[in-house]
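Structure (structure tokens):
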């Protein structure tokens, strides 16, 4: 890049652009915070209305996850999977592709990771990495199907991903109950993975009990930074953003929109595949029935709350898992059901999706500032 | 193979198909009405679940099955209005708002059941009863048909009447004409004086009500209690049926019936050493293939009406 001295007008423009950006960021952040507070307030009212003690419940929920080291581990382990799933949908969302397929991609990844980690003997380091690569590839392949259908044929990606989820869940269920079930075991699960393939638990590093939290946490952070760099600093990221904000204009500007759409699905799929690998190699050490639970849909919530910014997804994922972990502890210690957390999550989604609210606010602030000038 | 044929051709199996297809039919027509009004209702799942839960709880506590059914349908209708309000007043993305409503339903129903009955699983401890079955006089004397139709739940009968009703509504009434116009081109509809918002509100309310009937059937017909997350993805299958049926009433009818038959078959084949999970993937795989084929044909023809483009 060549640096030419800026003219006064350019400098002024730039300053103005930066102020706008800073203001928008401030509005976004305060909106996110206000959303969370509003949702917690609604949860408070619901608990009050149903005859529970909301103060005690929130106290346990909000302090519980930190008061013992293994609870911290439980939170971080959950946050790792959830954030990876949030990242996996944030990328297609950035290209304005409503991919709901993280579930199918996660199961594909989990199966691939388990197949390699159980049956393929590998030397020490490769034993960890090869299953993860296999998982990312399987997830990417699973993402490519709806991606290509959308990009090449114009088929609705929402329906396609929902169908693939339904298929993947059933095939997974069949495999865990059938061909991959550990012979001679009465419980339904696969054989355990080879020891070398396991992600090192954090307990070994810190010497305190951390439950099943493992180095997958670091992997998740690296993935988030890599995706942020991809979106903000690379040509592909630029194309994805352009396709998302205006596909016609992007195509007019020479961007091959179908290919960009496919890439957004493939990258998202690979990340969801890694979430599957984390569950197999880090958390359970084998395939369990119903591995992902409702995590895939909650990943969407995380991505939305973070407005699809990969770095913010990490914060949102940590926050969200904190609520989940806190909800479980709350249920053990008070009479309040952990489901209240799901209600709070739902309120957050509904508030976040009400696009008109923050835009109204931004416009009003901008108008006032113009008025001042 | 002959044993499979025996199963499929038995009147017990056909009766099971009607029973299993009931929630798919009702929810799919709910999805169809919303889709044709120009707003995807992905909240069918949550609307069904809320209706199922409300129905069982109200019926259990009040002792009146009818009150339960009415309240269940009312709650689902309100969720339809909520989706419309989020979409039309606050500019929310219909899909994401739908996901939010589904989450809300899943959390709120489980929370309500746990708070009221101290039970994580469902309302099986509460006696809530089922809606009455209907037997037309004299129908039992007809061979096969009598066996298939007699003793079917009231809502199953309703479900099969919904197809002609929606077809009539769409193509024979002013409201249906407005609804389709709004869905295809809201600006054009507004320019000739059709109250776009009011039509969309009405469409989504009707959509919610139909999903609500499906939900009420699950907890007060199919079985007599509510189980946590008992809809088990039926709302999404119904949505698939809407697209597989090409957004036309009779197409959707056949698709939903087909899904019901496939599920009933999966249950039956479970006894015949065929993995039921794999059989139950068939409707989804069919929808996926159909989706691709439709899209491919449309692309080749190059015709794009607004509704077709939303497929």
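Residue numbers (full-length UniProt numbering), protein chains in the order written: chain A, 1 to 373; chain B, 1 to 311.
Note that the Cβ used here is the ideal one computed from N, Cα and C, for glycine as well.
Computed from a predicted model, the values in this text were never measured in an experiment.
Interface flag, residue i vs chain B, CB-CB below 8 Å
i, result
"residue 327(A)", "no"
"residue 153(A)", "yes"
"residue 170(A)", "yes"
"residue 345(A)", "yes"
"residue 162(A)", "yes"
"residue 156(A)", "yes"
"residue 303(A)", "no"
"residue 280(A)", "no"
"residue 35(A)", "no"
"residue 149(A)", "yes"
"residue 166(A)", "yes"
"residue 126(A)", "no"
Classification of residue i by the beta-carbon crowding that lies within 10 angstroms, buried from 16 upward
i, result
"residue 120(B)", "exposed"
"residue 121(A)", "exposed"
"residue 195(A)", "exposed"
"residue 289(A)", "exposed"
"residue 187(B)", "exposed"
"residue 320(A)", "buried"
"residue 309(B)", "Any answer about residue 309(B) is weak, because its pLDDT of 44 lies below 50 and its placement is not dependable; what the coordinates show is given next. Under this definition residue 309(B) is an exposed residue."
"residue 71(A)", "buried"
"residue 297(A)", "buried"
"residue 249(B)", "buried"
"residue 62(B)", "exposed"
"residue 304(B)", "Residue placement at residue 304(B) cannot be trusted, given a pLDDT of 48 that sits under 50; the coordinates are not used to answer."
"residue 41(B)", "buried"
"residue 10(A)", "exposed"
"residue 201(B)", "buried"
"residue 179(B)", "buried"
"residue 333(B)", "One cannot answer for residue 333(B) here, as it falls past the ends of chain B, which runs 1 to 311."
"residue 339(A)", "buried"
"residue 373(A)", "Confidence in residue 373(A) is poor, its pLDDT being 49 and thus under 50, which makes the residue's placement unreliable; the coordinate value appears in the next sentence. With fewer than 16 Cβ atoms within 10 Å of its Cβ, residue 373(A) is classed as exposed."
N-terminal and C-terminal residue of the alpha helix (DSSP H) that residue i is part of
i, result
"residue 243(B)", "234-244"
"residue 94(B)", "94-117"
"residue 178(B)", "174-184"
"residue 262(A)", "257-277"
"residue 249(A)", "247-252"
"residue 165(A)", "157-177"
"residue 281(A)", "No alpha helix (DSSP H) holds residue 281(A); DSSP gives it neither H nor E."
"residue 233(A)", "216-233"
"residue 48(B)", "44-62"
"residue 188(A)", "Counting along the chain, residue 188(A) falls outside any alpha helix (DSSP H), and DSSP gives it neither H nor E."
"residue 386(A)", "Absent from the structure is residue 386(A), since the part of chain A shown begins at 1 and ends at 373."
"residue 299(A)", "295-305"
"residue 19(A)", "8-49"
"residue 344(A)", "339-353"
"residue 69(A)", "69-94"
Contact with chain A by residue i, beta-carbon distance below 8 Å
i, result
"residue 24(B)", "no"
"residue 305(B)", "In this prediction, residue 305(B) scores a pLDDT of 46, lower than 50, which makes its location untrustworthy; no coordinate-derived value is stated."
"residue 57(B)", "no"
"residue 204(B)", "no"
"residue 287(B)", "yes"
"residue 88(B)", "no"
"residue 295(B)", "yes"
"residue 20(B)", "no"
"residue 284(B)", "yes"
"residue 181(B)", "no"
"residue 214(B)", "no"
Rounded Cβ spacing between residue i and residue j (contact assumed at less than 8 Å)
i, j, result
"residue 276(A)", "residue 144(A)", "Actually they do not touch by this definition, with Cβ atoms about 16 Å apart."
"residue 31(B)", "residue 239(B)", "5 Å"
"residue 348(A)", "residue 35(A)", "6 Å"
"residue 28(B)", "residue 255(B)", "7 Å"
"residue 71(B)", "residue 109(B)", "Between residue 109(B) and residue 71(B) the Cβ distance is about 13 Å, and since that is not below 8 Å, they are no contact."
"residue 235(B)", "residue 45(B)", "3 Å"
"residue 306(A)", "residue 39(A)", "About 15 Å; that fails the 8 Å criterion."
Any non-hydrogen atom of the ligand HEM within 7 Å of residue i CB
i, result
"residue 194(A)", "Of the ligands one can find in the structure shown there are none, so the ligand HEM has no counterpart to examine."
Proximal chain C residues relative to residue i, where beta-carbon distance stays under 7 Å
i, result
"residue 292(B)", "Considering every chain present, this structure includes no chain C. Its protein chains are A and B."
**Message:** Closer than 7 Å between beta carbons: that is the criterion. Which residues of the region 253-280 of chain B meet it against chain A?
**Reply:** 275, 277, 278, 280
**Message:** Against chain A, which members of the region 91-117 of chain B pass a CB distance test of less than 7 Å?
**Reply:** 91, 92, 93, 95, 96, 97, 99, 100, 103, 104, 106, 107, 108, 110, 111, 114, 115
**Asked** If contact means a Cβ-Cβ distance below 8 Å, which residues of the region 222-246 of chain B contact chain A?
**Response** 233, 236, 237, 239, 240, 243
**Request:** Determine which residues of the region 172-202 of chain A have a Cβ less than 7 Å from any Cβ of chain B, and write them out in chain order.
**Result:** 173, 174, 178
**Message:** Can you pull out the residues from the region 312-342 of chain A whose beta carbon lies closer than 7 Å to at least one beta carbon of chain B?
**Reply:** 337, 339, 340, 342
**Request:** Please list the residues of the region 46-70 of chain A that have a C-beta atom closer than 7 Å to any C-beta atom in chain B, keeping them in chain order.
**Result:** 50
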